[in-house]
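Structure record follows, encoded as structure tokens.
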Amino acid sequence: MSTITAPKNIWSEPGPQSEWPFIPLSVPQIAGNEWCYVKECLDSGWVSSVGPFVERFEQSLATEVGSRYAVAAVSGTAALHLALSVAGVQTGDEVLVSTLSFIAPANAVRYVGAWPVFIDAEPDYWQMDPEKVKSFLEKQCNFRNGKLHNEATGRRIKAILPVHVLGHPCEMDPLLQLARKYDLAVIEDATESLGAGYKERKTGHLGDVACFSFNGNKILTTGGGGMMVTDSEAWARRARYLSTQAKDDPVEFIHGEVGYNYRLTSLQAAMGCAQVEMLAHAIRAKRRIAQTYTEAFRSLPGVTPMREARWAFSTFWLYTILLDEAVCGVSSRTLLRHLENARIQSRPLWQPLHLSPAHKRGHQDELPVAERLNREALSLPCSVGLATQEQQRVVDVVLDTLRKAKPRRLRARENE
Ligand SMILES: Cc1ncc(COP(=O)(O)O)c(C=O)c1O
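Mapping to this note's numbering: the sequence shown position 182 is 902, numbers consecutive.
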């Protein structure tokens, strides 16, 4: 990892600290059969989306998740678009989406002409709050002609799209019960949670259909790529059809409807096959890194390390802490700058989607938990290949920053 050079414009602080090697947030580890399989792919000439590796990658991912079918796609976002399409989400429908998430699921909802309804996070594990979903469905929706409608907008509610953020699962049983009660499809965004578990099951095999991402910072990467998984043969078939330009006749080029060019290439799938072989190792490494950070930060006033629910198996894909500035005297953004000066990359959580200019419209209730998490959270370096000394350096800079800080309430008292 120390061979990775930092982007010049961001990490060009002068002074002795610039001698330190850059520690990135989360970079891939390519240490298995990647070269071998990609070479096999190149040697065979099967480099496009046709060829044995795509199917092999699909099968290995379906096995990993426990689902019957898997359909590879060019990205997690494309997989989400396919999932929403096969679940029958249509123009003018509404879909309940976690507000504390990367923007892709909300964008995918718009791709099919539907509208996201943003749901707040719960404070303990930072996932979609089932109580908020329940309250919205009970208090703000009504059945009309046998279909559930949002009273305020008049639109039909079609699905729930929980996002398992940061490698930790959402609490799914209450969400699944609500989905059954209100006849809603459940589309899991499992892009950040490959390998995570909820009770006895894996994320990606909890709802009707789920999506994974293999972009560069994910626990398993193909450079870029995604996968839709489902137990429904009809949905898998339809996703495959839509992802290959909805081609009915490959000789005459007859296309039954408007489709997409969303198929993953064989080259990427070859890399994916090798990465899946390393998944258990990657999860072990992420969990070990998480344990070390949690032990280092556990008893610091005002610092909340990421937690794992008793019903969850988290991969700790992106290790994150919360900083309550009033208590510890350091905001998440101040710590980010201190880490940056020490050539250590960190990152806040995403702007909650209900505040995003891309999705903000009209009146939207405040979603205070996600807004607080956005203020307080900072993700720390946790690449699978993070060395012990590198992690110790991150811990030292965090502890040093906190030691030198004075809580805001003490500062205020001194100024009185
Ligand atoms: C929660 C979430 N959903 C969807 C995506 C989209 O995946 P991709 O970047 O492969 O399109 C990502 C990651 O990038 C993500 O973090």
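Think of the CB as a built atom: it goes at the ideal place given N, C-alpha and C, for glycine as much as any other residue.
- Query: If you scan the segment 882 to 927 from start to end, which runs of the alpha helix (DSSP H) of 4 or more residues do you find wholly inside it?
  - Reply: 892 to 902
- Is VAL885 buried or exposed, if buried means 16 or more other CB atoms sit within 10 Å of its CB? By one-based count along the sequence shown, residue 885 stands at place 165. Counting Cβ neighbours within 10 Å, VAL885 comes out buried, since at least 16 surround it.
- Item | Contacting residues, own chain, Cβ-Cβ under 8 Å from THR811 (five flanking each side not counted) | Start at 1 with the first residue of the sequence shown, and residue 811 comes out as number 91. So the qualifying residues of the chain are VAL832, GLY833 and ALA834.
- Who are the Cβ neighbours of HIS898 in its own chain at under 8 Å, not counting the five residues just before and after it? Indexing the sequence shown from 1 puts residue 898 at position 178. In the sequence as presented, His is not what sits at residue 898; that position holds Leu. Closer than 8 Å at the Cβ level, and outside the excluded window around LEU898, lie PRO850, VAL853, LYS854, LEU857, ILE880 and LEU904.
- Near ILE743, which residues of its chain fall below 8 Å by C-beta distance, leaving aside the five closest residues on each side in sequence? Within the sequence shown, numbered from 1, the residue matching residue 743 stands at position 23. So the qualifying residues of the chain are MET721, ARG1063, ILE1064, GLN1065, PRO1101, LEU1106, GLU1110, ARG1113 and VAL1114.
- By Cβ distance, which residues of its chain are closer than 7 Å to PRO1021, with the 5 residues on each side in sequence left out? Within the sequence shown, residue 1021 is the residue found at index 301, counting from 1. So the list reads VAL1047 and CYS1048, once near-sequence residues are dropped.
- Item | Under the three-state DSSP convention, the category ALA879 falls into | Start at 1 with the first residue of the sequence shown, and residue 879 comes out as number 159. The answer is strand: DSSP assigns ALA879 an E or B state.
- Task: Kindly examine ligand 1 and report whether one of its heavy atoms sits closer than 6 Å to the Cβ of PHE863.
- Result: Counting from one through the sequence shown, the residue named residue 863 turns up at place 143. With a cut-off of 6 Å, the C-beta of PHE863 is classified as distant from ligand 1, since no heavy atom of the ligand falls inside that distance.
- Are the Cβ atoms of MET947 and ALA799 separated by less than 7 Å? As a working note, residue 947 is residue 227 in the sequence shown. As a working note, residue 799 is residue 79 in the sequence shown. In contact: MET947 and ALA799 (Cβ atoms closer than 7 Å).
- Within 6 Å: the Cβ of PRO825 and any heavy atom of ligand 1? Working through the sequence shown from its first residue, we reach residue 825 at position 105. Yes; taking the cut-off as 6 Å, the Cβ of PRO825 has a heavy atom of ligand 1 nearer than that.
- Message: Measuring straight from C-alpha to C-alpha, what distance separates ALA841 and PHE934?
- Response: Taking the sequence shown and counting its residues from 1, one reaches residue 841 at position 121. Taking the sequence shown and counting its residues from 1, one reaches residue 934 at position 214. Approximately 25 Å between the Cα atoms of the pair.
- With distances taken Cα to Cα, identify the nearest neighbour of LEU745 among ALA1090, LEU1073 and LEU1056. Here residue 745 corresponds to residue number 25 of the sequence shown, with the count starting at 1. Selected option, being the one with the closest Cα: LEU1056.
- Endpoints, alpha helix (DSSP H) assigned at ARG864: As a first step, residue 864 must be located in the sequence shown, where it is residue number 144. Taken as a continuous stretch (DSSP letters only), ARG864 belongs to no alpha helix (DSSP H), being part of the beta strand (DSSP E) at 861 to 864.
- Item | As assigned by DSSP and simplified to three states, the class of ARG1092 | Residue 1092 sits at position 372 when you count from the first residue of the sequence shown. Helix at ARG1092.
- Message: I need the DSSP call for PRO741, collapsed to helix, strand or coil.
- Response: Working through the sequence shown from its first residue, we reach residue 741 at position 21. Correct three-state label for PRO741: coil.
- Give the DSSP bridge partners of ALA1032, in chain order. Counting from one through the sequence shown, the residue named residue 1032 turns up at place 312. ALA1032 pairs with TYR918.
- Return yes when at least one heavy atom of ligand 3 lies under 6 Å from the C-beta of SER746, else no. In terms of ligand content, the structure shown lacks ligand 3 and carries ligand 1 instead.
- Residue range of the beta strand (DSSP E) that GLU814 falls in? Taking the first residue of the sequence shown as 1, we reach residue 814 at position 94. Counting along the chain, the beta strand (DSSP E) containing GLU814 begins and ends at 814 to 818.
- Item | Residues of its chain near ARG1067, where Cβ-Cβ distance is below 6 Å and the 5 sequence neighbours each way are ignored | For this step, residue 1067 is matched to residue 347 along the sequence shown. Within the same chain, ARG1067 has close Cβ partners LEU745 and SER1099.
- Would a C-beta distance cut-off of 7 Å place ALA956 and THR950 closer than the cut-off? Position 236 of the sequence shown, counting from 1, holds the residue named residue 956. Position 230 of the sequence shown, counting from 1, holds the residue named residue 950. A contact, by the Cβ cut-off of 7 Å.
- Determine, using beta-carbon pairs with one atom in the segment 859 to 878 and one in the segment 995 to 1005, whether at least three such pairs fall under 8 Å. no
- Query: Which parts of the segment 777 to 824 are runs of the alpha helix (DSSP H), unbroken and 4 residues or longer, counting only runs that do not cross its ends?
  - Reply: You should have 796 to 806.
- Query: Between the Cα of ILE907 and the Cα atoms of HIS1001, ARG1053, ASN827 and HIS925, which residue gives the shortest distance?
  - Reply: Residue numbering aside, residue 907 sits at position 187 when the sequence shown is read from its first letter. The alpha carbon of ILE907 has as its nearest neighbour, out of HIS1001, ARG1053, ASN827 and HIS925, the alpha carbon of HIS925.
- Message: Distance check for VAL1050 and VAL978, CA to CA, integer angstroms please.
- Response: Translated into positions along the sequence shown, residue 978 becomes position 258. Translated into positions along the sequence shown, residue 1050 becomes position 330. In this structure, the alpha-carbon of VAL978 lies about 52 Å from that of VAL1050.
- Looking at GLU912 and ligand 1, is the gap between the Cβ and the nearest heavy atom below 6 Å? In the sequence shown, the residue the question calls residue 912 occupies position 192. At a threshold of 6 Å, GLU912 counts as near ligand 1, since its beta carbon sits closer than that to one of the ligand's heavy atoms.
- Using a Cβ-Cβ cut-off of 6 Å (strictly less than) and excluding sequence neighbours within five positions of LYS919, which residues of its own chain qualify? On the sequence shown, residue 919 is found 199 positions in, with the first residue counted as 1. Take LYS919, set aside five residues on each side of it, and the residues of its chain with a beta-carbon closer than 6 Å to its own are TRP1031, in chain order.
- Message: Any heavy atom of ligand 1 closer than 6 Å to the beta-carbon of LEU946?
- Response: Along the sequence shown, read from residue 1 onward, the residue named residue 946 stands at position 226. Reading off the sequence, residue 946 comes out as Gly, not Leu. Result yes, Cβ under 6 Å from ligand 1.
- Can you tell me which of HIS888, ARG788, ASN1061 and PRO772 puts its alpha carbon nearest to the alpha carbon of SER1034? As a first step, residue 1034 must be located in the sequence shown, where it is residue number 314. That would be HIS888, whose Cα lies nearest to the Cα of SER1034.
- Is the distance from the Cβ of GLY936 to the Cβ of SER795 below 7 Å? Position 216 of the sequence shown, counted from the first residue, corresponds to residue 936. Position 75 of the sequence shown, counted from the first residue, corresponds to residue 795. Not in contact: GLY936 and SER795 (Cβ atoms no closer than 7 Å).
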